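Reviewing the structure listed below.
Residue numbers (the numbering used here): 33 to 333.
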């Protein structure tokens, strides 16, 4: 006969559904509150700036950030189990984020309105689970920075030099390959065709998208070598620039060999795919070189 006071005789299974139900009741009002705040903002973004080629990466970044947070949730729960919450830090951050949201929403300032979500989510984690939870979820929150629409003046100021640089490199490479190409600013002329290097081809937002791709790769791969991680993170910027050059060159060559209609079809159908594929392959190639370098360095020591 089993003693019911013994730990062996106590079954934990009946308590699990109740525990999950209680957790759901605690987090459900928070989820509803965030949904009420940000659903109108997301609708505006989907019908506005996220529908453009320059900002089309926003929904992808949001989806990836949600997936990363979901992936980290069990680890976060274990890390914060039994740890104290942080109301002293959580409430000021919550008020700060809510103020950002009110100003951004009322004045239609996207960088404040959407950026406030990061502050509010960080505050919720501090208030509900403490600093350990925020530490576990830091990368999904950081990754959300890449979905925030930047002010138009900042984008225009930085984008023009980038487009000039991409146009310059693409022109010189194709000229070196004996193609009849010339350049006037950000306009490339190859044969009888003229192509304008648009913001979507070499803009600041494209660079942000590729930066997000590189950081996501680093987070998923999780190398043990600090040197390898830091070096690859720094090299993501020139890798992104190279991927943009490849995209412009491919578009130019398709237009030259197959006509303007084929070039426009590629621009709207496959240009983004070429950009991401070339960037990912370059990141993997550089990562392989760094792995070889780290091994050689370890072998030398």
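By construction, the Cβ of each residue, glycine as well, lies at the ideal position given by its N, Cα and C atoms.
Only a predicted model underlies this, so the values are computations on that prediction, with no experimental measurement involved.
Can you tell me where the beta strand (DSSP E) with residue i in it begins and where it stops?
{"i": "residue 219", "result": "219–222"}
{"i": "residue 213", "result": "213–216"}
Quick check on residue i: does DSSP put it in helix, strand or coil?
{"i": "residue 195", "result": "helix"}
{"i": "residue 17", "result": "Here the chain covers residues 33 to 333 and nothing more, so residue 17 does not appear."}
{"i": "residue 185", "result": "helix"}
{"i": "residue 254", "result": "coil"}
{"i": "residue 325", "result": "helix"}
{"i": "residue 80", "result": "coil"}
{"i": "residue 291", "result": "coil"}
{"i": "residue 87", "result": "coil"}
{"i": "residue 115", "result": "coil"}
{"i": "residue 209", "result": "coil"}
{"i": "residue 180", "result": "coil"}
{"i": "residue 297", "result": "helix"}
{"i": "residue 244", "result": "helix"}
In the DSSP assignment, what residue or residues form a beta bridge with residue i?
{"i": "residue 225", "result": "222"}
The alpha helix (DSSP H) that contains residue i, what's its start and end?
{"i": "residue 139", "result": "119–139"}
{"i": "residue 159", "result": "148–160"}
{"i": "residue 106", "result": "90–112"}
{"i": "residue 170", "result": "170–175"}
{"i": "residue 143", "result": "142–145"}
Would you call the CB atoms of residue i and residue j closer than 9 Å?
{"i": "residue 281", "j": "residue 205", "result": "yes"}
{"i": "residue 93", "j": "residue 294", "result": "no"}
{"i": "residue 162", "j": "residue 116", "result": "yes"}
{"i": "residue 196", "j": "residue 62", "result": "no"}
{"i": "residue 285", "j": "residue 200", "result": "no"}
{"i": "residue 194", "j": "residue 276", "result": "yes"}
{"i": "residue 101", "j": "residue 185", "result": "no"}
{"i": "residue 247", "j": "residue 271", "result": "no"}
{"i": "residue 90", "j": "residue 181", "result": "yes"}
{"i": "residue 166", "j": "residue 118", "result": "yes"}
{"i": "residue 133", "j": "residue 223", "result": "no"}
{"i": "residue 108", "j": "residue 149", "result": "no"}
{"i": "residue 73", "j": "residue 143", "result": "no"}
{"i": "residue 267", "j": "residue 190", "result": "no"}
{"i": "residue 152", "j": "residue 66", "result": "yes"}
{"i": "residue 209", "j": "residue 249", "result": "no"}
{"i": "residue 269", "j": "residue 239", "result": "yes"}
Residues in the same chain with beta-carbon distance under 7 Å from residue i, minus the five sequence neighbours each way, listed in chain order, please.
{"i": "residue 274", "result": "314"}
{"i": "residue 155", "result": "122, 125, 126, 129"}
{"i": "residue 77", "result": "90"}
{"i": "residue 104", "result": "168, 169, 172"}
Leaving out the 5 sequence neighbours to the left and right, which residues in its chain are closer than 8 Å to residue i when beta-carbon positions are compared?
{"i": "residue 215", "result": "199, 200, 203, 221"}
{"i": "residue 263", "result": "322"}
{"i": "residue 81", "result": "87, 90, 142, 181"}
{"i": "residue 59", "result": "160"}
{"i": "residue 226", "result": "219, 220"}
{"i": "residue 265", "result": "246, 247, 250"}
Residues in the same chain with beta-carbon distance under 6 Å from residue i, minus the five sequence neighbours each way, listed in chain order, please.
{"i": "residue 97", "result": "172, 175, 176"}
{"i": "residue 306", "result": "279, 282"}
{"i": "residue 213", "result": "203, 206, 207, 222"}
{"i": "residue 135", "result": "144"}
{"i": "residue 99", "result": "none"}
Does any heavy atom of the ligand FMN sit closer than 8 Å to the C-beta of residue i?
{"i": "residue 215", "result": "Because no ligand of any kind appears in the structure shown, any question about the ligand FMN cannot be addressed here."}
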